[in-house]
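Heads up, the sequence shown is in this note's numbering, so the first residue is 253 and it goes up one at a time. Think of the CB as a built atom: it goes at the ideal place given N, C-alpha and C, for glycine as much as any other residue.
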Amino acid sequence: MSWQMWCAVLGASCVISLSPGAGAIASMATGMRFGLRRGYWNIAGLQLGLLLQIAVVAAGLGALLANSTLAFTVIKWFGVAYLVYLGVRQWRASATDVSGVDGEVAETSGPAMTLRGFLVNASNPKAVVFMLAVLPQFITPSAPLLPQYLIIAATMVAVDVVVMTGYTGLASKVLRLMRSPRQQRTTNRTFSGLFFVAATFLATIRRAV
């Protein structure tokens, strides 16, 4: 892959990561409730979901998903249901769940937060279809495909880690400023509403024909 092509991949990765979406909402909600240090568990899960999306496209399964109404619909409504579930959990989160300056919550394990992040990205079929339309533009068919996909995956993951760390870190600052139970409850319900908005947006998406 040439440097010019890699720069194009880098630019596209920045646009994709910076675009508001369920991953950004999950990162901000995690940072607000748990702090930056524990927020990296969620970020790791998001990257696993991103790698799965890239692998699906690289394996040619993305075309199947794009052309299968049933597969697209099943994954889409699973994603909608999961975002609604996260919204309900965020709405019901007690203000007393936050303890300590770094926002650690003892009863929430790191692996559970990683799984949550993974499901947020993995349950978005539109992202796979979008990558199916974008990634081939950076691929040279006459060159070995695996190294090219590995470079693209490494670039996208690196950029997304930086961006999601920024979202998480900024939200963790809110955690330090909003210490009263009423403020925490208001913030929890704001992010809950964002999850519901993301679920509504995903529910309105239709497979391109």
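Any idea what DSSP makes of residue i, helix, strand or coil?
i	result
Gly287	coil
Ala395	coil
Ala311	coil
Ser271	coil
Ser254	coil
Can you give the Cα-Cα distance for residue i and residue j, rounded to whole angstroms?
i	j	result
Gly369	Pro399	26 Å
Val353	Ser394	In this prediction, Val353 has a pLDDT of 37, which is less than 50 and means its spatial position is unreliable; what the coordinates show is noted afterwards. Taking the straight line from one Cα to the other gives about 54 Å.
Ala278	Gly312	28 Å
Phe390	Met257	7 Å
Met253	Arg341	44 Å
Using CA atoms only, rank isn't needed, just tell me which of the options is closest to residue i.
i	options	result
Val426	Thr366, Gly418, Met284	Met284
Gln305	Asn373, Trp255, Phe324, Ala274	Asn373
Ala276	Thr452, Phe330, Leu298	Leu298
Gly339	Phe453, Tyr419, Arg441	Arg441
Arg290	Met280, Gly362, Met383, Ala274	Gly362
Ala455	Val332, Ala406, Thr366, Met383	Val332
If contacts are defined as beta-carbon pairs under 8 Å, then residue i and residue j qualify, I think. What distance do you get, rounded to the angstrom?
i	j	result
Ser444	Trp343	4 Å
Val261	Ile404	6 Å
Val336	Ala451	5 Å
Val309	Val411	Val309 to Val411, Cβ: 17 Å. No contact.
Along the chain, where does the alpha helix (DSSP H) containing residue i start, and where does it finish?
i	result
Phe370	362-374
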